[in-house]
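Okay, so the sequence shown: first residue is 0 according to numbering that gives the first Met the number 0, each after it adds one.
Backbone N, C-alpha and C define an ideal beta-carbon position, used for all residues, glycine too.
Report on the following structure.
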Amino acid sequence: MSDNDISREIEDLYAFSISNVTISAVTDKIIPELKQWQQRPLDAIYPFVWLDAIHYKIREDGRYVSKAVYTVLALNLEGKKDVLGLYLSDSEGANFWLSVLTDLQNRGLKDILIACIDGLTGFPEAINSIYPQTEVQLCIIHQIRNSLKYVASKHHKAFMADLKPVYRAVSKEAAESALDELDMKWGQHYPVVIQSWRRKWAICRLTSAIRRLSARLFTRRTLSSRYTVSSEN
C-alpha cells in the first residue's frame, strides 16, 4: 500500500487524517523491524508446532478480497508459546505450506516432534518431506468440526456427548472401545463420520494429556484475536 492508500484507509476507518510524512516516518521505522522478525533465527527443536491458515477479508485496491494468512505457532522447550511466522497468500494450499516449512528450516528449525494441522490434502506429505520424523497430528478441534458437518443439527448434542469419550480417552485401548460404542449407536446414521475417525486414528495414539494440550493451546482465537493483517502492493 502507498502512503496515500494508508492515509485514506485510516481516515475511512477512524475519521481522522494523518499526513503522508508521518506515515512514511512510521513505516520506515516498522518495516525493518518486521523484516528482522520475519528472518530471525529459530530454536533447533520445538515439541509442538501448530500450522493453520486464517482467512481474512481485506481491502485491496478499493475492494475487499480474501487472503490467507499462514500462521505457525509453536510451544518451545520452556513451555512458552512463540509465533514463528505469518505468511500472506491468496489462498491455502500444500505447495505454499511447503515454502513456509522450507523457510522455517532455513531459519534453523531442525526438528518438530508433533505438528498439529487441519485436514488439507497433501499437508502431511509436505511436512514429512522436510521433517520426516515429525508426528503429524490432525487437530482435534478441526476433526470435531468436520464431523459435525455431517451430523444433523438435532443430533449434535447427543452425538457430541457420545463422541467425547473417544477423544478424551486416557489410552488408545479406551479410545478404541469408545469408538466401537459410538459406531454401534450412530454408525448406521453417520457412517462417513465413523469412518473418518477410524482413518485418522493417529489422533488417539497420543496420550490424553497431550491431546488436551494441543487442543487448548492451538486454537484459531490464539492468533486471530491478536493480529490484524493489511495488504501490500
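Should phenylalanine 15 be labelled buried (16 or more other beta-carbon atoms within 10 Å of its own) or exposed?
Sequence index remark: in the sequence shown, residue 15 carries index 16 (1-based). By the 10 Å Cβ count, phenylalanine 15 comes out exposed.
Applying the criterion that 16 or more other CB atoms from any shown protein chain within 10 Å of the CB defines a buried residue, is aspartate 11 buried or exposed?
Taking the first residue of the sequence shown as position 1, residue 11 is located at position 12. Exposed is the call here.
Are the beta-carbon atoms belonging to isoleucine 113 and glutamine 136 less than 8 Å from one another?
Counting from 1 along the sequence shown, the entry for residue 113 is found at position 114. Counting from 1 along the sequence shown, the entry for residue 136 is found at position 137. The beta carbons of isoleucine 113 and glutamine 136 sit closer together than 8 Å.
With distance defined between alpha-carbon atoms, name the residue in Val20, Ile5 and Pro131 nearest to tyrosine 13.
Position 14 of the sequence shown, counted from the first residue, corresponds to residue 13. Taking tyrosine 13 as reference, the option from Val20, Ile5 and Pro131 with the minimal CA-CA separation is Ile5.
I need the straight-line Cα distance from lysine 148 to valine 191, nearest angstrom please.
On the sequence shown, residue 148 is found 149 positions in, with the first residue counted as 1. On the sequence shown, residue 191 is found 192 positions in, with the first residue counted as 1. Between the alpha carbons of lysine 148 and valine 191 lies a gap of roughly 11 Å.
Relative to the C-alpha of leucine 119, which residue among His141, Val71 and Ile44 is closest?
Translated into the one-based positions of the sequence shown, residue 119 becomes position 120. The shortest Cα separation from leucine 119 among His141, Val71 and Ile44 belongs to His141.
Please report whether the beta-carbon of alanine 151 lies at a distance below 8 Å from any beta-carbon of chain B.
Given the protein chain composition of this structure (a single chain), no chain B is represented.
Considering only C-alpha positions, which residue in the set Asp81, Gly121 and Asn75 is nearest to glutamate 91?
One-based indexing of the sequence shown puts residue 91 at position 92. Comparing Cα-Cα distances from glutamate 91 to each of Asp81, Gly121 and Asn75, the minimum goes to Gly121.
Using three-state DSSP, classify threonine 70 as helix, strand or coil.
As a working mapping, residue 70 is identified with position 71 in the sequence shown. In this structure, threonine 70 counts as strand in the three-state DSSP scheme.
Whether leucine 97 touches alanine 52 by CB criterion (8 Å):
As a position in the sequence shown, residue 97 is number 98, starting the count at 1. As a position in the sequence shown, residue 52 is number 53, starting the count at 1. The answer is no: Cβ separation not under 8 Å.
Taking all protein chains shown into account, do 16 or more other C-beta atoms lie within 10 angstroms of the C-beta of tyrosine 63, making it buried, or fewer, making it exposed?
Taking the first residue of the sequence shown as 1, we reach residue 63 at position 64. That one is exposed.
Identity of the residue in Tyr69, Leu74 and Ala174 nearest asparagine 94 by Cα
Numbered from 1 along the sequence shown, position 95 holds the residue referred to as residue 94. When Tyr69, Leu74 and Ala174 are compared, the shortest CA-CA separation from asparagine 94 is found for Tyr69.
Sub-8 Å separation of leucine 72 and lysine 80 beta-carbons
In the sequence shown, residue 72 corresponds to position 73, counting from 1. In the sequence shown, residue 80 corresponds to position 81, counting from 1. Leucine 72 is a Cβ neighbour of lysine 80, given a cutoff of 8 Å.
Name, in chain order, the residues that DSSP records as bridge partners for aspartate 110.
Reading the sequence shown from its first residue, position 111 is the one you call residue 110. The partner list for aspartate 110 (beta bridge, DSSP) reads Ile44.
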